[in-house]
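Chemist: Below is one structure. I have some questions about it.
Protein chains: 2
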Amino acid sequence: MLVQKYKDMLSGKSVIRQLSEFATARGKEIGYENVFDYSLGNPSVPVPQEFTDRMIHLLATRETSELHGYSPSLGITGVREAVAASLEKRFGLPYRKEHIFMASGAAGALAHAFRLVTEPGDEILTFAPFFPEYHPYVDLTGAVLKVVPPDFEDFQINFQAFEEMLTPKVMAVLINTPNNPSGVVYSSETLKRLADILREKSKQYGHDIYLISDEPYREITFEGVEAPCVSSFYDNTIMCYSFSKSLSLPGERIGYVAVNPACKDAEDMINMCGQISRGIGHNCPPSIIQLAVAQVLDRTADLKVYETNMNLLYKELVELGFTCVKPGGTFYIFPKALEEDAKAFCEKALQYDLVLVPGDTFGAPGYFRMAYCIDTEKVERSLAALRKFVQETY
Amino acid sequence: MLVQKYKDMLSGKSVIRQLSEFATARGKEIGYENVFDYSLGNPSVPVPQEFTDRMIHLLATRETSELHGYSPSLGITGVREAVAASLEKRFGLPYRKEHIFMASGAAGALAHAFRLVTEPGDEILTFAPFFPEYHPYVDLTGAVLKVVPPDFEDFQINFQAFEEMLTPKVMAVLINTPNNPSGVVYSSETLKRLADILREKSKQYGHDIYLISDEPYREITFEGVEAPCVSSFYDNTIMCYSFSKSLSLPGERIGYVAVNPACKDAEDMINMCGQISRGIGHNCPPSIIQLAVAQVLDRTADLKVYETNMNLLYKELVELGFTCVKPGGTFYIFPKALEEDAKAFCEKALQYDLVLVPGDTFGAPGYFRMAYCIDTEKVERSLAALRKFVQETY
Chain A
1403 MLVQKYKDML
1413 SGKSVIRQLS
1423 EFATARGKEI
1433 GYENVFDYSL
1443 GNPSVPVPQE
1453 FTDRMIHLLA
1463 TRETSELHGY
1473 SPSLGITGVR
1483 EAVAASLEKR
1493 FGLPYRKEHI
1503 FMASGAAGAL
1513 AHAFRLVTEP
1523 GDEILTFAPF
1533 FPEYHPYVDL
1543 TGAVLKVVPP
1553 DFEDFQINFQ
1563 AFEEMLTPKV
1573 MAVLINTPNN
1583 PSGVVYSSET
1593 LKRLADILRE
1603 KSKQYGHDIY
1613 LISDEPYREI
1623 TFEGVEAPCV
1633 SSFYDNTIMC
1643 YSFSKSLSLP
1653 GERIGYVAVN
1663 PACKDAEDMI
1673 NMCGQISRGI
1683 GHNCPPSIIQ
1693 LAVAQVLDRT
1703 ADLKVYETNM
1713 NLLYKELVEL
1723 GFTCVKPGGT
1733 FYIFPKALEE
1743 DAKAFCEKAL
1753 QYDLVLVPGD
1763 TFGAPGYFRM
1773 AYCIDTEKVE
1783 RSLAALRKFV
1793 QETY
Chain B
1403 MLVQKYKDML
1413 SGKSVIRQLS
1423 EFATARGKEI
1433 GYENVFDYSL
1443 GNPSVPVPQE
1453 FTDRMIHLLA
1463 TRETSELHGY
1473 SPSLGITGVR
1483 EAVAASLEKR
1493 FGLPYRKEHI
1503 FMASGAAGAL
1513 AHAFRLVTEP
1523 GDEILTFAPF
1533 FPEYHPYVDL
1543 TGAVLKVVPP
1553 DFEDFQINFQ
1563 AFEEMLTPKV
1573 MAVLINTPNN
1583 PSGVVYSSET
1593 LKRLADILRE
1603 KSKQYGHDIY
1613 LISDEPYREI
1623 TFEGVEAPCV
1633 SSFYDNTIMC
1643 YSFSKSLSLP
1653 GERIGYVAVN
1663 PACKDAEDMI
1673 NMCGQISRGI
1683 GHNCPPSIIQ
1693 LAVAQVLDRT
1703 ADLKVYETNM
1713 NLLYKELVEL
1723 GFTCVKPGGT
1733 FYIFPKALEE
1743 DAKAFCEKAL
1753 QYDLVLVPGD
1763 TFGAPGYFRM
1773 AYCIDTEKVE
1783 RSLAALRKFV
1793 QETY
């Protein structure tokens, strides 16, 4: 007897995945270069050459037993030290290796964070618009994800709705800034207000409320945008990081959990991550990738193209009359559709070979997401299609 | 409030880990070459040069977006095809990519297998002596691991005890052959009898009982030993494989789940693995390692040293009067201690710088494990220490 809950999930196909499959199929008909595929958040810029060089150097020079051997369950010690030193230098918080747990990407990091602080039945709050995978990530732990409706004005936090939903059952609040899908970066004002509320409610309810900060887009911020360090606002912050976007290597599954050094249980929490791993088959990210990434911690891929693409799209969208919050980072933009039903809107766009994702699964019906991690040349060509679509349809 | 069950686990330190730490500390005093460290099952032979060459070639020639991009959630299609073809050729069962799910090592594979077929409260049976990590692997899913006592005669299966414990609550049976810690390979006779019982009880209880076959030591078998393919005996077999031991790269977290093509739900089960991943933060083994391993599927590291070491140890142990089943594979041997309390026995051995692991945590008190994945030269030197220890102590 197979477990029904997983069997049932097979029928619920991801909208993003379906659209991406459409784009691939359409590309076979008319040439993929003619499909304006804004569906998938897959980094489009090359991995820095230095990463490749370091990998080759490790392979060519290290003893294989050292290079490919078991990592300690919390991660390779020198790698954790390097990550801690880099975070300390950058954010001014006294990170040490005892605060760092190496994880297989942000998904691996979040899987540990949720289990650290919630039992089945406990609630985690997140804010729309939000990454839809948070639902299976949380729901399958037995905890309950509840989604605070958006502040449509600027996609910061809808504090009124948040305070109403922040009951004693809430053990953690999950944020994602810079945000997928809105591209918005939470301001210092937002983070300060959020932290104040969490401190107050922790006291009132007599239990800590943890802030889980999912930061895979941290390095992708645009000119003039302040991107504050979430952990510096709130002691009980669990940072979940991935190198997938900053180094363009999402397939290599490398990231970390960094517990704020000011969190009173920080060291225990990191050690607990090693125990959680035993239950979920985690056992650390690949050794060679840990070693290579540790040597390029402060490097990123050439991320400028995302800002170029954003500016092109934002300008055109505004000119065409879209309501649209200007992204401060990521490679996403999240405009309001030109009719109430964003699914219908995106369906019609397909006739112009524009692959857009309706906002319903992101918790913001009536909006749509464009993932502009594609070549600028293609973005430029897509603008005419977008204009034609809008002018002929609305 | 941190989750207590993980916090509680922090105090329970692994005996193997403690002994390994002792060995390292003692090595600093007297030189590690003088510590006969038989504690850890960490492969000692180099990774095949061909793997390293393939990795470097991939890094030097492939587009980084192709090389380091997201893997599909079931694994890279071409890699799954290659694994299926290799299994078909080798074992004569009609494996296709639809039966293969790429997993991060055997721990990752098992984490999926357990969740496929058990709900919280269901039972999984395994056979002593057994790999002690099975306890957290299973217990933290909410299912219950029950351990069938050993058949001390030959460390095959104690069928009488097994049949008594095989109640309707049992949804899966977990085996590990070649076995850690005994080194024993289950015979065709054992596997046939096991399969017959599972078929009969599945029918009687009105639900399938799955056989989960943990096979990381499959490639390490010794001369004259028949190592039957477990899946060929029983349709409802979920094979969990890791390349950690065959290619000596345990840190790179690469393995797979292969569901027997004869299992009626095989394709659904593989697709379900992709859903299970979302709940445990798995998201596939590293892309570059998948691609490299697919090119050396039928290669292994030079594993002969393990047999050489086994023969040296087995001969000496028998001469010294130990009761000992001759291993048919792996890099473990599991003799009976010379006093009832194996912990006391191993404690005394430490005075001769012999690091042995008591069998209690493997479900076989009174026995001890030696992991002989060390240099043959060191095994040879250890024999005198072993003889001295025995002659002076017993």
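Just so you know, the sequences run in chain order A and B.
Numbered per the numbering used here, the first sequence spans residues 1403 to 1796.
Numbered per the numbering used here, the second sequence spans residues 1403 to 1796.
By construction, the Cβ of each residue, glycine as well, lies at the ideal position given by its N, Cα and C atoms.
Which one of B:C1642, B:D1553, B:G1730 and B:E1709 has the shortest CA to CA distance from B:V1627?
Modeler: Counted from its first residue, the second sequence places residue 1627 of chain B at position 225. Closest by alpha carbon: B:G1730.
Chemist: Please look up how many angstroms separate the CB atoms of A:I1622 and A:L1527, rounded, as I've assumed it's under 8 Å.
Modeler: Here the question's residue 1622 of chain A lines up with position 220 in the first sequence. Here the question's residue 1527 of chain A lines up with position 125 in the first sequence. With 8 Å as the limit, A:I1622 and A:L1527 do not qualify as a contact, their Cβ atoms being about 25 Å apart.
Chemist: What is the residue span of the alpha helix (DSSP H) that A:Y1636 lies within?
Modeler: For the purposes of this step, residue 1636 of chain A is taken as residue 234 along the first sequence, with counting starting at 1. Here A:Y1636 belongs to no alpha helix (DSSP H), and DSSP marks it neither H nor E.
Chemist: List the residues of chain B whose Cβ lies closer than 9 Å to the Cβ of A:I1502, in chain order.
Modeler: Your numbering for residue 1502 of chain A matches position 100 in the first sequence. Neighbours of A:I1502 on chain B: none; closest Cβ ~17 Å, over 9 Å.
Chemist: Helix or strand or just coil, what does DSSP make of A:Y1754?
Modeler: By one-based count along the first sequence, residue 1754 of chain A stands at place 352. If DSSP states are grouped into helix, strand and coil, A:Y1754 belongs with the helices.
Chemist: A:G1568: buried (16+ other C-beta within 10 angstroms of its C-beta) or exposed?
Modeler: On the first sequence, position 166 is the one that residue 1568 of chain A refers to. Reading off the sequence, residue 1568 of chain A comes out as Leu, not Gly. Label assigned to A:L1568: buried.
Chemist: Would you mind working out which of B:E1617, B:S1416, B:Y1588 and B:P1474 sits nearest B:A1509, comparing C-alpha positions?
Modeler: Position 107 of the second sequence, counted from the first residue, corresponds to residue 1509 of chain B. Out of B:E1617, B:S1416, B:Y1588 and B:P1474, B:E1617 has the C-alpha closest to the C-alpha of B:A1509.
Chemist: For A:H1459, which residues of its own chain have a beta-carbon under 8 Å away from its beta-carbon, when the five flanking residues on both sides are left out?
Modeler: As a working note, residue 1459 of chain A is residue 57 in the first sequence. For A:H1459, where only same-chain residues beyond five positions count, there are no Cβ hits under 8 Å.
Chemist: Beta strand (DSSP E) containing B:K1413: first to last residue?
Modeler: Position 11 of the second sequence, counted from the first residue, corresponds to residue 1413 of chain B. Here residue 1413 of chain B turns out to be Ser, not Lys, going by the sequence shown. From DSSP, B:S1413 is part of no beta strand (DSSP E); its letter is neither H nor E.
Chemist: So the alpha helix (DSSP H) A:Y1539 belongs to, where does it begin and stop?
Modeler: As a working mapping, residue 1539 of chain A is identified with position 137 in the first sequence. Per DSSP, A:Y1539 belongs to the alpha helix (DSSP H) from Y1536 to D1541.
Chemist: Measuring CA to CA, which of A:I1776, A:S1646, A:C1675 and A:Q1697 is closest to A:T1710?
Modeler: Within the first sequence, the letter at position 308 stands for residue 1710 of chain A. The residue with the shortest Cα to Cα distance from A:T1710 is A:I1776.
Chemist: Classify A:E1749 as helix, strand or coil using the three-state DSSP reduction.
Modeler: Position 347 of the first sequence holds residue 1749 of chain A. A:E1749 falls in the helix class under three-state DSSP.
Chemist: For B:Q1692, does the count of other Cβ atoms within 10 angstroms reach 16, so buried, or fall short, so exposed?
Modeler: On the second sequence, residue 1692 of chain B is found 290 positions in, with the first residue counted as 1. Flag for B:Q1692 reads buried.
Chemist: So the candidates are B:L1613, B:K1571, B:C1748 and B:V1572; which of them puts its Cα closest to the Cα of B:D1762?
Modeler: Walking along the second sequence from the start, residue 1762 of chain B turns up at place 360. With distances taken between Cα atoms, B:D1762 lies closest to B:C1748.
Chemist: Give the interface partners of B:D1652 over in chain A, defined as CB-CB distance under 8 Å, in chain order.
Modeler: If you number the second sequence from 1, residue 1652 of chain B lands on position 250. The sequence shown places Pro at residue 1652 of chain B, rather than the Asp named in the question. Under the 8 Å cutoff, chain A gives H1470, G1471 and Y1472.
Chemist: Along chain A, which residues have their Cβ under 8 Å away from the Cβ of B:Q1677?
Modeler: To locate residue 1677 of chain B, count along the second sequence from 1; it is residue 275. Within 8 Å Cβ-Cβ: Y1408, M1411, L1412 and P1538.
Chemist: Anything in chain A within Cβ reach of B:R1680, meaning under 7 Å, just list it in chain order.
Modeler: Here residue 1680 of chain B refers to the residue found at position 278 when the second sequence is read from its first residue. Result: E1535, P1538, Y1539 and L1542.
Chemist: Answer with yes or no whether the minimum CB distance from B:S1604 to chain A is below 7 Å.
Modeler: Reading the second sequence from its first residue, position 202 is the one you call residue 1604 of chain B. No, B:S1604 does not count as interfacial toward chain A.
Chemist: I'd like to check one pair, A:A1773 with A:G1443: are the Cβ atoms closer than 7 Å?
Modeler: Taking the first sequence and counting its residues from 1, one reaches residue 1443 of chain A at position 41. Taking the first sequence and counting its residues from 1, one reaches residue 1773 of chain A at position 371. Yes, these two residues count as a Cβ contact at 7 Å.
Chemist: Determine the burial state of A:L1596: buried for a count of at least 16 other Cβ atoms within 10 Å of its Cβ, exposed for fewer.
Modeler: Start at 1 with the first residue of the first sequence, and residue 1596 of chain A comes out as number 194. So A:L1596 ends up on the buried side.
Chemist: Below 7 Å on C-beta distance, what does B:E1521 contact in chain A?
Modeler: For this step, residue 1521 of chain B is matched to residue 119 along the second sequence. In chain order: V1405.
Chemist: Determine which residues of the region 1438-1463 of chain B have a Cβ less than 8 Å from any Cβ of chain A, and write them out in chain order.
Modeler: The residues in question are N1444, P1445, S1446, P1448, V1449, T1454, M1457, I1458, L1461 and A1462.
Chemist: Can you name the residues of chain B whose CB is closer than 9 Å to the CB of A:S1467?
Modeler: As a first step, residue 1467 of chain A is located in the first sequence; it is residue number 65 there, counting from the start. Those are N1444, P1445, S1446, V1447, P1448, V1449 and S1650, listed as they occur along chain B.
Chemist: Report yes or no: do the region 1601-1615 of chain B and the region 1629-1642 of chain B share at least 3 C-beta pairs separated by less than 8 Å?
Modeler: The region 1601-1615 of chain B, when compared against the region 1629-1642 of chain B, does touch it at the 8 Å Cβ threshold.
Chemist: Quick one: which residues of the region 1689-1708 of chain B get their C-beta closer than 7 Å to a C-beta of chain A? List them in chain order.
Modeler: Going along the region 1689-1708 of chain B in chain order, one finds S1689, I1690 and I1691 with a Cβ nearer than 7 Å to chain A.
Chemist: Comparing alpha-carbon positions, which option in A:Y1754, A:V1698, A:P1760 and A:P1767 lies nearest A:L1785?
Modeler: If you number the first sequence from 1, residue 1785 of chain A lands on position 383. Closest by alpha carbon: A:Y1754.
Chemist: If B:P1851 and B:S1584 are in contact, beta carbons under 8 Å, what's the gap, nearest whole angstrom?
Modeler: A query on residue 1851 of chain B cannot be resolved here, the shown segment of chain B reaching from 1403 to 1796 and no further.
Chemist: Mind listing the chain B neighbours of A:D1670? Cutoff is C-beta to C-beta under 8 Å, in chain order.
Modeler: Along the first sequence, one-based indexing puts residue 1670 of chain A at 268. L1404, K1409 and L1412, listed in chain order.
Chemist: Whose Cβ in chain A lies nearer than 9 Å to the Cβ of B:G1507?
Modeler: The residue labelled residue 1507 of chain B in the question sits at position 105 within the second sequence. In chain order: G1683 and N1685.
Chemist: Look up B:V1632 in the DSSP assignment and say whether it is helix, strand or coil.
Modeler: Sequence index remark: in the second sequence, residue 1632 of chain B carries index 230 (1-based). It is helical.
Chemist: Within the continuous beta strand (DSSP E) that includes B:L1369, where are the two ends?
Modeler: Residue 1369 of chain B is absent from the structure shown; chain B starts at 1403 and stops at 1796.
Chemist: Please confirm if A:M1641 has its CB atom under 7 Å from at least one CB of chain B.
Modeler: The residue labelled residue 1641 of chain A in the question sits at position 239 within the first sequence. With 7 Å as the cut-off, A:M1641 does not count as an interface residue toward chain B.
Chemist: Under the assumption that A:G1653 contacts B:S1475 (Cβ atoms under 8 Å), give the Cβ distance between them as a whole number of angstroms.
Modeler: For the purposes of this step, residue 1653 of chain A is taken as the residue at position 251 of the first sequence. For the purposes of this step, residue 1475 of chain B is taken as the residue at position 73 of the second sequence. Going by Cβ atoms, the distance from A:G1653 to B:S1475 rounds to 12 Å, so no, they are not a contact pair.
Chemist: Chain A partners of B:G1731, CB-CB under 8 Å?
Modeler: Reading the second sequence from its first residue, position 329 is the one you call residue 1731 of chain B. Residues of chain A passing the Cβ test: none, with the nearest at roughly 20 Å.
Chemist: When the Cα atoms are used, what is the spatial distance from A:L1512 to B:M1403?
Modeler: In the first sequence, residue 1512 of chain A corresponds to position 110, counting from 1. In the second sequence, residue 1403 of chain B corresponds to position 1, counting from 1. Taking the straight line joining both Cα atoms gives about 17 Å.
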